[in-house]
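**Student:**
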Amino acid sequence: MTKIPSQERKGKMSVLSLLTMNCNFIKSQISEVLVRGWENYKENVDTAQTVLALALSQYLESNQQEINLKDKKVLEIGAGTGLVSIVASILGAYVTATDLPEVLENLKLNISRNTQNMNTHQPEVRKLVWGEDLNEDFPKSTHHYDFILASDVVYHHTSLDPLLTTMAYLCQPGTVLLWANKFRFSTDFEFLEKLRNILIVTLLAEFPESNIKLFKATYTAFLSRSAS
Ligand SMILES: C[S@@+](CC[C@H](N)C(=O)[O-])C[C@H]1O[C@@H](n2cnc3c(N)ncnc32)[C@H](O)[C@@H]1O
Numbered sequence: 000m001t002k003i004p005s006q007e008r009k010g011k012m013s014v015l016s017l018l019t020m021n022c023n024f025i026k027s028q029i030s031e032v033l034v035r036g037w038e039n040y041k042e043n044v045d046t047a048q049t050v051l052a053l054a055l056s057q058y059l060e061s062n063q064q065e066i067n068l069k070d071k072k073v074l075e076i077g078a079g080t081g082l083v084s085i086v087a088s089i090l091g092a093y094v095t096a097t098d099l100p101e102v103l104e105n106l107k108l109n110i111s112r113n114t115q116n117m118n119t120h121q122p123e124v125r126k127l128v129w130g131e132d133l134n135e136d137f138p139k140s141t142h143h144y145d146f147i148l149a150s151d152v153v154y155h156h157t158s159l160d161p162l163l164t165t166m167a168y169l170c171q172p173g174t175v176l177l178w179a180n181k182f183r184f185s186t187d188f189e190f191l192e193k194l195r196n197i198l199i200v201t202l203l204a205e206f207p208e209s210n211i212k213l214f215k216a217t218y219t220a221f222l223s224r225s226a227s
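Going letter by letter, the sequence shown gives residues 0 to 227 in numbering that gives the first Met the number 0.
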């Protein structure tokens, strides 16, 4: 498990400096894209929200040997502004970014703006409302993902059980779920316990002083069967 040193993450400038100082992105084409992307996001996005997407993005970029996304099938749930999907795409994955219908237009715009002219597989943007129409829209026979990415999807809302159902559904044998979460409410801890009842959950990294944790979860026939 990695302990990631604390950084000042409050305020727009410090998030941008986290991006540019800590990521190797600055040394590559990726940095330009992300910094350009950040310029597009920063007027409209809640900074606290983006910190989790940055944490997961940074982890993906820094741990490419352990988590090799190149040519892998990746689906992001609750993609929001799409930062994590953009990074996964730049790291070489076939990305499907999903969210609520009303979010998709902005998500498409952000993703296309930040991946166009890059040598990446063209990301796909699709509706995925947690717990709804999973069998119809993402049939298991044809939709197997290597990685499911989830950043800041668990907070104090009423769709936690449908979210859990969605994670369990998408985590087939061989799938790895990477979930970044800030532990703020009792619901965060309850969700983690429920997730542990259906998938094998491991703590991958934590950001001291910010209560941000990054988990990996995988399918297990015994637990996952009891959830379905
Ligand atoms: C706090 S935002 C996180 C966005 C992004 N992952 C990030 O880290 O910046 C939560 C996201 O979950 C999405 N969401 C909330 N409820 C949902 C539901 N029932 N089905 C699908 N997506 C949902 C929201 O539209 C939003 O994009």
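Cβ atoms here follow ideal geometry from the backbone N, Cα and C, with glycine treated the same way.
1) How many whole angstroms separate the CB atoms of ILE147 and MET117, which I take to be in contact at a CB cut-off of 8 Å?
2) Less than 8 Å between the C-beta atoms of LEU99 and GLY81, yes or no?
3) Which same chain residues, not among the five before or five after THR164, have their C-beta less than 6 Å away from its C-beta?
4) Kindly examine ligand 1 and report whether one of its heavy atoms sits closer than 7 Å to the Cβ of GLY77.
5) Could you tell me which residues DSSP puts in a beta bridge with PHE137?
6) Can you tell me which of HIS120, SER61 and ASP145 puts its alpha carbon nearest to the alpha carbon of ALA216?
7) Please tell me whether TYR168 and LEU198 are closer than 8 Å, where the distance is taken between their beta carbons.
8) For TYR249, is the beta carbon positioned less than 7 Å from some heavy atom of ligand 1?
9) Can you grab the Cα-Cα spacing for the pair VAL94 / SER56, in whole Å?
10) Using only the heavy atoms of ligand 1, determine whether one of them is closer than 7 Å to the beta carbon of ASP145.
11) Taking all protein chains shown into account, do 16 or more other C-beta atoms lie within 10 angstroms of the C-beta of ASP132, making it buried, or fewer, making it exposed?
12) Which word fits ASN23, buried or exposed, when buried means at least 16 other C-beta atoms lie within 10 angstroms of its C-beta?
13) Using only CA atoms, which one of PRO122, GLN64 and TYR58 lies nearest to LEU103?
14) So what's ARG112 in DSSP terms, helix, strand or just coil?
15) Would you mind stating whether VAL152 and ILE76 have Cβ atoms separated by less than 8 Å?
16) At a cut-off of 7 Å, is LEU163 close to ligand 1 when judged by its beta-carbon and the heavy atoms of the ligand?
17) Quick check: the Cα distance between MET0 and PHE188, rounded to an integer number of angstroms?
**Tutor:** Based on what the coordinates show:
1) Not a contact, Cβ separation roughly 23 Å.
2) no
3) GLY130
4) yes
5) Partner(s): none; PHE137 has no beta bridge.
6) ASP145
7) no
8) Only positions 0 to 227 of the chain appear in the structure, and residue 249 is not among them; the question remains open.
9) 14 Å
10) no
11) exposed
12) Summary for ASN23: the model assigns pLDDT 37, below 50, so the residue's position carries little reliability; its value from the coordinates is reported in the next sentence. Exposed: under 16 other Cβ atoms inside 10 Å.
13) PRO122
14) helix
15) yes
16) no
17) 19 Å
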